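Enquirer: Here it is, the structure in full.
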Amino acid sequence: MTQLTTINNNSGQQATSSDLFGRFSSISTRLTDRLKETGVPSGLSSNFESLISGVKNFLPADRDLTVTKIVESIMDPSAASSSAIAKTENYLYYDPRSANARGTMPPPSALRSGPGASAPGGMPGSQGTGQSASFGQRRQGFSEAVVFTVGGGSMEEYGNLQEWVERTSKDRGRKRVVYGSTELVNAGEFVKEELERLGGEAAS
C-alpha cells in the first residue's frame, strides 16, 4: 500500500527551531544580567554563560536530512548549499519539454563519417546523442515535486521536508511537495512488526 502525504505551505504554523533558539538566548541573557545585578561573583556568572552555551550545542539545530537536501538541490538549485548540490552532481535530468534536451542532429556527412560508420559492420547514424545535448547539465527550479522512498518512510523525513517547504516558500514562491513511501509505520508498529521479525530471523 502506498502512503502519500501532501506538504503545503501553511503560514499558520510558525514553530521553527530558530524561534526556540531566540527565546532560549533571551532567557539566558536575562538570567545572567540578573545574576550580575544581584552581586553574584563574576566567575560564577561566566561559568553559567559557558554552561548555557554548552546546552545550546546539545539542542537540535536547523539541519536538513539527506532527502531534504536532495529535494532542495533539485527544486531550488540557486539557493541550495554546496553539500546539497554535491549529492545530486551525477543525477541526470530528462525533460522532454526542453527544446535542446536531445541536442541537434549532426549533418548527414558527419553521420556517415562518424565513429559508428568506420567500425566493421557499423551503420551510419549510430552515434548516441545529438550535438550539445543537455542531459544532466541543466539545473532549473521546480515548484512541485513527488518524493517517494522505496522502503520505509519516516515521520522525521516528512517533518523535515515540511519545515523546508515552510522556510523556503516565504520568499521564493509557493512550493508543493508530495511525500510517499512503500511503508510508513509508527514506533509501536516498528517494534512489534519489524524488530520482532528481525529477532526471529536472528534466533533461527
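Count the sequence shown with the working numbering and you get residues 34 to 237, in order. The C-beta atom is built at its ideal place from N, Cα and C for all residues, glycine as well. Values in this document were obtained by computation on a predicted structure and should not be read as measured data.
#1: Output needed for Ala235: all residues of its chain with C-beta closer than 7 Å, excluding positions within five of it in sequence on either side, in chain order.
#2: So for Gly192, helix, strand or coil by DSSP?
#3: What are the boundary residues of the beta strand (DSSP E) that includes Gly185?
#4: What does the Cβ neighbour count give for Glu222, buried or exposed, with the cut at 16 atoms within 10 Å?
#5: Can you tell which of Val100, Thr62, Pro110 has its C-alpha closest to the C-alpha of Gly174?
#6: Taking just the CA atoms, how far does Val218 sit from Glu226?
#7: Would you check if the segment 205-213 and the segment 116-126 touch, i.e. whether three or more CB-CB distances between them fall below 8 Å?
#8: From Gly184 to Ser114, what does the alpha carbon distance come to, in whole angstroms?
#9: Taking all protein chains shown into account, do 16 or more other C-beta atoms lie within 10 angstroms of the C-beta of Asp66, making it buried, or fewer, making it exposed?
#10: Could you give the distance in angstroms between the alpha-carbon of Ile107 and the alpha-carbon of Glu216?
#11: With distances taken Cα to Cα, identify the nearest neighbour of Ser195 among Val100, Leu228, Ala220, Ile118.
#12: May I ask you to list the residues that DSSP assigns as paired with Leu217?
#13: Measuring CA to CA, which of Gly232, Glu229, Ile103, Val224 is closest to Ser197?
#14: What residue from Arg63, Val224, Arg207, Gly233 has the CA that sits closest to Glu177's CA?
#15: Helix or strand or just coil, what does DSSP make of Asp109?
#16: Helix, strand or coil for Leu228? Go by DSSP, reduced to three states.
#17: Going by other Cβ atoms of all chains shown within 10 Å of its Cβ, with 16 needed for buried, is Gly232 buried or exposed?
#18: Need the endpoints of the alpha helix (DSSP H) that Ser237 sits in, please.
Expert: Result, derived from the coordinates:
#1: none
#2: helix
#3: 177-186
#4: exposed
#5: Pro110
#6: 9 Å
#7: no
#8: 27 Å
#9: exposed
#10: 24 Å
#11: For clarity, residue 195 is Gln in the given sequence; the question names Ser instead. Cα-wise, what sits closest to Gln195 is Val100.
#12: Gly186
#13: Residue identity differs from the one stated: residue 197 is Trp in this sequence, not Ser. Checked all of Gly232, Glu229, Ile103, Val224; the closest Cα to Trp197 is Ile103.
#14: Arg207
#15: coil
#16: helix
#17: exposed
#18: That residue, Ser237, is in no alpha helix (DSSP H); it is neither H nor E in DSSP.
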